[in-house]
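Participant: My questions will all concern the structure given below.
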Amino acid sequence: MNFEWLGRQFDNIVFLLGWHVLLAVTPLILGLLIALPLGWWAHRSRRIYPLLVGVAGLLYTVPSLALFVLLPLVLGTKILDPMNIVAALTIYTVALLVRVVADALDSVPEDTVQAAKAMGYRGYQSLLKVELPVGVPVICAGLRVAAVSNVSLVSVAALLGIPQLGSLFTQGFQLRFYTPIIAGIVLCVVLAMILDGLIILINRWLTPWTPKVVAS
Amino acid sequence: MIKFQNVTKAYPDGTVAVDGLNLEAPTGKLTILVGPSGCGKTTSLRMINRLIEPTSGTIYLDDQPTSGMDAALLRRRIGYVIQHAGLFPHKTIVDNVSTMPVLLGESRQKARTKALELMERVGLPASFAKRYPWQLSGGQQQRVGVARALASDPAFMLMDEPFSAVDPVVRAQLQEEFLRLQREIGKTIIMVTHDIDEALKLGDQVAVMRVGGKLAQMASPSELLTSPADEFVADFVGRDRGYRSLGFTKTAGTVAIGEEAVVQLGTSVDEARAKASGAWVLVVDGGRKPLGWAQPDLLNGEVKRENLNLSGIPAAASGTMRQLLDAALSSPSRRGVVVNEHGELMGTVTATDVVKAIEAEPHLETAR
Numbered sequence: 002m003n004f005e006w007l008g009r010q011f012d013n014i015v016f017l018l019g020w021h022v023l024l025a026v027t028p029l030i031l032g033l034l035i036a037l038p039l040g041w042w043a044h045r046s047r048r049i050y051p052l053l054v055g056v057a058g059l060l061y062t063v064p065s066l067a068l069f070v071l072l073p074l075v076l077g078t079k080i081l082d083p084m085n086i087v088a089a090l091t092i093y094t095v096a097l098l099v100r101v102v103a104d105a106l107d108s109v110p111e112d113t114v115q116a117a118k119a120m121g122y123r124g125y126q127s128l129l130k131v132e133l134p135v136g137v138p139v140i141c142a143g144l145r146v147a148a149v150s151n152v153s154l155v156s157v158a159a160l161l162g163i164p165q166l167g168s169l170f171t172q173g174f175q176l177r178f179y180t181p182i183i184a185g186i187v188l189c190v191v192l193a194m195i196l197d198g199l200i201i202l203i204n205r206w207l208t209p210w211t212p213k214v215v216a217s
Numbered sequence: 006m007i008k009f010q011n012v013t014k015a016y017p018d019g020t021v022a023v024d025g026l027n028l029e030a031p032t033g034k035l036t037i038l039v040g041p042s043g044c045g046k047t048t049s050l051r052m053i054n055r056l057i058e059p060t061s062g063t064i065y066l067d068d069q070p071t072s073g074m075d076a077a078l079l080r081r082r083i084g085y086v087i088q089h090a091g092l093f094p095h096k097t098i099v100d101n102v103s104t105m106p107v108l109l110g111e112s113r114q115k116a117r118t119k120a121l122e123l124m125e126r127v128g129l130p131a132s133f134a135k136r137y138p139w140q141l142s143g144g145q146q147q148r149v150g151v152a153r154a155l156a157s158d159p160a161f162m163l164m165d166e167p168f169s170a171v172d173p174v175v176r177a178q179l180q181e182e183f184l185r186l187q188r189e190i191g192k193t194i195i196m197v198t199h200d201i202d203e204a205l206k207l208g209d210q211v212a213v214m215r216v217g218g219k220l221a222q223m224a225s226p227s228e229l230l231t232s233p234a235d236e237f238v239a240d241f242v243g244r245d246r247g248y249r250s251l252g253f254t255k256t257a258g259t260v261a262i263g264e265e266a267v268v269q270l271g272t273s274v275d276e277a278r279a280k281a282s283g284a285w286v287l288v289v290d291g292g293r294k295p296l297g298w299a300q301p302d303l304l305n306g307e308v309k310r311e312n313l314n315l316s317g318i319p320a321a322a323s324g325t326m327r328q329l330l331d332a333a334l335s336s337p338s339r340r341g342v343v344v345n346e347h348g349e350l351m352g353t354v355t356a357t358d359v360v361k362a363i364e365a366e367p368h369l370e371t372a373r
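Heads up: the protein sequence lines correspond to chains A and B, in order. Heads up, the first sequence is in my numbering, so the first residue is 2 and it goes up one at a time. Heads up, the second sequence is in my numbering, so the first residue is 6 and it goes up one at a time.
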């Protein structure tokens, strides 16, 4: 471990970390926003559910590197445009979360949905004020998986030369110099843990009503 | 008033859940739909607030057909209670109860104040207000369910097996309290149950439905017991209906209440033996409230609390023939303890006394 090198590279590493956060978190938020209506659709229709969840599963199996290279052709962006990464990871996030959102809405007790309807909630009111709030724990569990998965997938983009923590890996391999590799791994793990912890906190804040025995 | 006019619900696969139902639930009364599973009682109930749409026929709320109303607005006029309460798990108890007033546009603050009053009315302590549903027992949740349905003071209430998910002791308690509440508020209620005893106990009128969604009979509880319309109703109402119909006959002073010598705790065995009639003597407290029966021959020294036989169930003099007969039959001495409205001993009756009074009663069959 060469700490002197780390000291010299500090500014650069912070810059890479910043990009990493941006490239991992933006798709997480976009993916959730897209997955919410799709998941609701899958939840509503027993015929759409297997279709959407099946396609989502299929998308998730496309290798990330292939997607990073293919997307510029589809989107008409330049190969080095970070937009490609955001778009690719958004696709992965959506693929993960469509099923999660559908299952979250399915997890709301039938009695509760029935009661909301019978009290005179309209469809959208029931969704926004009852079903989604009650489904929050399941959605947050899925978001945690997506967050960690995004943090690790972003590093692959280093192969395309887009700056983020993965760049430390390519740099280290090229120079046969381990310090940047170790620094990159540690920062990735720490970042994943912080995002994970953040989602746990948001979940707790949104669900003061869950039995306290559930440990995250 | 809630009125069904020729209401039918048929599903695309040909199943007929409700078949030409005609029924009227009078204003301020509790009407019960009862029947075996598959008789369409729950479907009928849910067609009233249009959780299910009828295939044909019309349902009227106070002479207005529900089919022309906005479904959500219609539902906000009707309180609804379901089997497992169906509380909103993410809302506190007070906010659960406030749901309908808030939907109807009342301020949250006002709705909460009202909700607290209602909670008290259904027997929930104010300390529950800030709790969440999972922190309450099934019986408590059901009380919240009733309070929630009453919160907007609707004229109509629908109850779908409201007391069947709790244990028998809590159920009996909830039923009693609900009857008392209904006497005060006088809502127009339709309740669904599969439990004929519950139907007979709570209903002002009972509609028995048969499989296939047809109305078999609509009558008062005592009429159902004494003159069932056909074999199905007779069978459904049950075998011991002769005995149970006594539950609708007031004793009204027709049964001779005999004197009963009593002793108190601490009385010597000799004195107890002298007062006993047969093997048993009745033990009361200082306020003449019955405590239990003792057998002096089996005692040493004095009458002690742990020697008491508690199997007898005292009956109120103002109660029914069934309670009186049960008091006699459940008592180890075969003398049923009769008490006044303060729970103080009036005397005892034997099963023979009660049966004589029943035989002497000419119009027992229609009395209510």
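We put the beta carbon where it would ideally sit given N, CA and C, even for glycine.
Per the contact definition of three or more C-beta pairs closer than 8 Å, is the stretch 184 to 199 of chain B in contact with the stretch 106 to 122 of chain B?
Facilitator: In short, these stretches do not touch, since the Cβ pair count stays below three.
Participant: Counting contacts by CB-CB distance shorter than 8 Å, is residue 105 of chain B in contact with chain A?
Facilitator: Cβ-Cβ to chain A under 8 Å: yes for residue 105 of chain B.
Participant: Could you check where the beta strand (DSSP E) with residue 202 of chain B kicks off and where it finishes?
Facilitator: It is not in any beta strand (DSSP E) - residue 202 of chain B instead sits in the alpha helix (DSSP H) that spans 201 to 207.
Participant: Any idea what DSSP makes of residue 29 of chain B, helix, strand or coil?
Facilitator: Residue state, collapsed to three classes: strand.
Participant: What separation, rounded to the nearest whole angstrom, lies between the Cα atoms of residue 195 of chain A and residue 95 of chain A?
Facilitator: Rounded to whole angstroms, residue 195 of chain A to residue 95 of chain A spans 21 Å at the Cα level.
Participant: Taking the alpha-carbon positions, what's the residue 311 of chain B to residue 173 of chain B distance?
Facilitator: In a straight line, the C-alpha of residue 311 of chain B is about 28 Å away from that of residue 173 of chain B.
Participant: Hey, quick one: how far does the alpha helix (DSSP H) through residue 361 of chain B stretch, first residue to last?
Facilitator: Start and end: 356 to 365.
Participant: Does the contact criterion of 3 or more C-beta pairs under 8 Å hold for the stretch 220 to 233 of chain B versus the stretch 304 to 318 of chain B?
Facilitator: Too few Cβ pairs lie closer than 8 Å, so no.
Participant: Would a check of beta-carbon distances place residue 27 of chain A closer than 8 Å to chain B?
Facilitator: It does not; no Cβ of chain B falls within 8 Å.
Participant: Helix or strand or just coil, what does DSSP make of residue 61 of chain B?
Facilitator: Residue state, collapsed to three classes: strand.
Participant: For residue 192 of chain A and residue 149 of chain A, I'd like the C-alpha separation in whole angstroms.
Facilitator: Rounded to the nearest angstrom, the two C-alpha atoms are 9 Å apart.
Participant: Using DSSP bridges, identify the partner residues of residue 269 of chain B.
Facilitator: Residue 269 of chain B is bridged to B:289.
Participant: Which parts of the stretch 105 to 170 of chain B are runs of the alpha helix (DSSP H), unbroken and 4 residues or longer, counting only runs that do not cross its ends?
Facilitator: Runs of the alpha helix (DSSP H) inside the stretch 105 to 170 of chain B: 113 to 126, 143 to 155.
Participant: With a 10 Å radius around its C-beta and 16 neighbouring C-beta atoms as the bar for buried, classify residue 143 of chain A as buried or exposed.
Facilitator: Residue 143 of chain A comes out buried.
Participant: Taking DSSP as the reference, what is the three-state secondary structure of residue 166 of chain A?
Facilitator: Coil at residue 166 of chain A, not helix or strand.
Participant: With a cut-off of 8 Å on the beta carbons, I'd call residue 277 of chain B and residue 238 of chain B a contact; round off their distance for me.
Facilitator: Going by Cβ atoms, the distance from residue 277 of chain B to residue 238 of chain B rounds to 51 Å, so no, they are not a contact pair.
Participant: Using CA atoms only, rank isn't needed, just tell me which of B:49, B:295, B:251 is closest to residue 325 of chain B.
Facilitator: It is B:251.
Participant: For my contact list, residue 285 of chain B and residue 337 of chain B are in at a C-beta cut-off of 8 Å; report their separation, rounded to the angstrom.
Facilitator: Going by Cβ atoms, the distance from residue 285 of chain B to residue 337 of chain B rounds to 6 Å, so yes, they are a contact pair.
Participant: Measure the alpha-carbon distance for residue 210 of chain A versus residue 46 of chain B and round it to whole angstroms.
Facilitator: Taking the straight line from one Cα to the other gives about 34 Å.
Participant: For residue 10 of chain B, I'd like the list of residues in its chain whose CB is within less than 8 Å of its CB, leaving aside the five on either flank, ordered along the chain.
Facilitator: Here the set comprises 27, 62, 63, 64, 65.
Participant: In whole angstroms, give me the CA-to-CA distance for residue 373 of chain B and residue 49 of chain A.
Facilitator: For residue 373 of chain B, the pLDDT reaches just 40, beneath the cut-off of 50, and the residue's location in the model is therefore unreliable, although a value from the coordinates is still provided. About 58 Å.
Participant: So is residue 51 of chain A buried or exposed if we call it buried at 16+ other beta carbons inside 10 Å?
Facilitator: That one is exposed.
Participant: Determine the extent of the beta strand (DSSP E) in which residue 11 of chain B is found, giving its start and end residues.
Facilitator: Run containing residue 11 of chain B: 7 to 15, per the beta strand (DSSP E) assignment.
Participant: By how many angstroms is the C-alpha of residue 342 of chain B removed from the C-alpha of residue 349 of chain B?
Facilitator: Answer to the nearest angstrom: the Cα atoms are 10 Å apart.
Participant: Could you tell me whether any Cβ in chain B is nearer than 8 Å to the Cβ of residue 210 of chain A?
Facilitator: For residue 210 of chain A, the answer is yes, since a Cβ of chain B falls inside 8 Å of its Cβ.
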